[in-house]
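A short write-up of the structure that comes next.
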Amino acid sequence: MTDTQTSPDTTAEKDTPPAVELPWADVHAEHHKMLRLAPLQTDRNTGGRPLRFVEFGYAERNDKAHSLMRMSIKLPGQRVRKEQNILDVWVDHGEKRVRFGPDSGLQIEPMNRGIGRFMAAQGITWAKKRWPAYTVDGSDLNNKDALNEDTRLRRDHFLRVHGFDVVYADAQHLKGSVKEVQVGDLLTDWNSEKLQIVEILEAAQMLQQAEQNLAEQEVKLKKHEEKVSKYKREDAGLRFTITCLVAFAVFQAGLLIWIATHR
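Per our numbering, the sequence shown starts with residue 122, numbered consecutively.
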């Protein structure tokens with residue numbers, strides 16, 4: 122489980138059954154929450170990070186052999202690839218093991234907004250409450266993530282803050298892996314400064330406040346428009362007065378010239 126934008130071609134094979142052999146392949150999100158992505162300073166690697174709202178969805182399934190929590194993130198007005206913004210937590214009750222999917226890794230869009238840590242925390246919390254003595258499968262890490270130092274450090278930080286142990290078999294930090302760990306040893310924190318859950322009443326209050334602000338702005342705009350109209354009328358009056366004075370001055374000058382030349 123890594124928060125990256127990598128392809129699955131170098132992900133190590135696991136001993137767990139392929140996803141096609143597991144149940145609930147067609148499960149989609151059934152419960153939904155609104156998330157607020159706080160406005161942050163522009164990041165040199167990931168670009169601008171304005172205020173944004175996204176939808177977090179999840180569904181749960183359980184039987185005697187397996188359990189599943191499937192999570193997804195939807196971005197209003199934006200499409201993502203099918204392998205992006207999805208995180209599964211698979212539980213094998215027979216083997217008492219937990220596996221995070223998809224095998225290609227956790228690929229989040231937009232990056233660096235706290236979404237990956239939030240989704241991982243939700244999945245860990247779900248498993249930790251029910252099966253703290255189960256073991257999370259270890260896995261090899263994608264080699265491509267290690268080609269860029271910033272990407273590797275971000276990935277390793279993501280894993281370690283959730284309680285995973287990242288180790289390397291070489292000094293160049295290319296061949297990395299995550300060790301097995303008990304579910305009860307994992308951590309469920311996420312960065313609440315980057316991301317907050319917005320409840321229905323909070324969303325309603327935000328909409329109400331936005332409507333009030335809009336009404337106040339409309340009143341202010343109307344007052345400004347009235348002032349501008351007043352200034353335009355006064356300006357037109359002043360222009361007319363100046364035009365009349367100029368015309369009178371020209372007429373008076375012409376009259377004086379005529380009197381002077383006809384004596």
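Yeah, the Cβ is synthetic: ideal placement off N, Cα and C, and Gly gets one too.
It should be emphasised that the depicted structure is a prediction, and the values quoted were computed from it without experimental measurement.
L328 carries a helical assignment under DSSP once its states are collapsed to helix, strand and coil.
Minimum Cα-Cα distance from N264 among the listed residues T256, D258, L274 corresponds to L274. Around the beta carbon of Q373, fewer than 16 other beta carbons sit within 10 angstroms, so the residue counts as exposed. When the five nearest sequence neighbours on each side are left out, the beta carbons in the same chain lying within less than 8 angstroms of the beta carbon of T256 are those of K217, R218, V219, E301, V302, Q303, V304, in order along the chain. Segment contact: the region 270-290 against the region 318-329, fewer than three CB-CB distances shorter than 8 angstroms; contact not assigned. From the listed residues T364, S188, I194, the smallest Cα separation to G215 is found for S188. Per DSSP, the unbroken alpha helix (DSSP H) holding A241 starts and ends at 236-251. F177 is the residue among K203, E181, A186, F177 whose C-alpha sits nearest the C-alpha of K195. With a 10 Å radius around the Cβ and a threshold of 16 neighbouring Cβ atoms, G226 comes out buried. Using a Cβ distance threshold of 7 angstroms, R234 and K315 count as a contacting pair. Across the structure, Q330 and V319 are spaced so that their CA atoms are roughly 15 angstroms apart. Here DSSP, grouped into helix, strand and coil, assigns Q199 to strand. By the CB criterion at 7 angstroms, V299 and G259 fall inside the cutoff.
Annotation: the continuous alpha helix (DSSP H) that includes F279 extends over 270-282. A straight line joining the alpha-carbon of D306 with that of A336 spans about 51 angstroms. Under the three-state reduction of DSSP, H187 is assigned to strand. Residue pairing for Y289: DSSP places it in a beta bridge opposite G297. Taking a C-beta distance under 7 angstroms as the contact criterion, F221 and W311 do not qualify as a contact pair.
A Cβ-Cβ contact shorter than 7 angstroms links M190 with W247. For Y179, the number of other beta carbons within 10 angstroms of its own is at least 16, and it is reported as buried.
For W211, the pairing in a beta bridge is given by DSSP as L189, R220.
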